[in-house]
Amino acid sequence: MNCLNEEQIQQYLDDEYGKEEKEAIGQHMEHCLQCREALTEQRRRMLDIKQSLDLLVTEHPVIPGFKPPLKINRNRLIVTKFILPLAVAASILLIMLLRPFFDAEKTPVHGTNVQFLVSSGELDANKPVTEYPLTITVVAPDGSISQSTIN
């Protein structure tokens, strides 16, 4: 094997070679004094650089606790002050408007009830509605039924 250059020595130190290449370089280093000295020098430079970088960081930084930004607090204020009461008022209004429909099922009918039903017969979409017969069914409060058909 030929002697190693600086780049190959650095790759060897960085453990970038495969198993077979490492073994071949290791065997070469056993027999080549020049490559062993170059490896030792490269390793010494690498340690010097690491030590000098470690000296730059003398203290570990203190990380302050998390404080939420003021905008989030303002948004919460808007939600709790305006939107939440508005939602509650809308819910109460909706309940008040729908209550008569639920109460209507519980109480008997004392007035006129009108229902519109479409017969299950065949309908032609091209034919005007006025040409279909109109059947009116009236159910009186006493339960009597009367029907009349208009052509």
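Quick note: the sequence shown uses our numbering, first residue 30, plus one each step.
The beta carbon of each residue, even a glycine, is placed where N, CA and C say it ideally should be.
- Judged by DSSP in its simplified three-state form, Leu122 adopts helix.
- If you draw a straight line from the Cα of Leu33 to the Cα of Arg74, it is about 17 Å long.
- In the three-state DSSP reduction, Ile92 falls in the coil class, being neither helix nor strand.
- The beta carbon of Leu113 is closer than 8 Å to none in its chain, skipping five residues each way along the sequence.
- Counting along the chain, the unbroken beta strand (DSSP E) around Leu163 starts and ends at Leu163 to Val168.
- The beta carbons of Gln39 and Gln80 sit about 18 Å from each other, so the pair does not count as a contact at 8 Å.
- Looking at the DSSP output, Gln80 bridges to nothing.
- Where Ile179 is concerned, the enclosing beta strand (DSSP E) starts and stops at Ile174 to Ile179.
- With 16 or more other Cβ atoms from the protein chains shown falling within 10 Å of its own Cβ, Ile54 counts as buried.
- At least 9 Å separates the beta-carbon of Ala169 from that of Ser177.
- When the beta-carbon positions are compared, Pro157 and Ile179 stay at least 9 Å from each other.
- Note that the C-beta distance between Lys48 and Tyr41 is not below 9 Å.
- Pro129 and Ala154 have their C-alpha atoms some 37 Å from each other.
- Shown here, Glu45 sits in coil according to DSSP, grouped into three states, outside any helix or strand.
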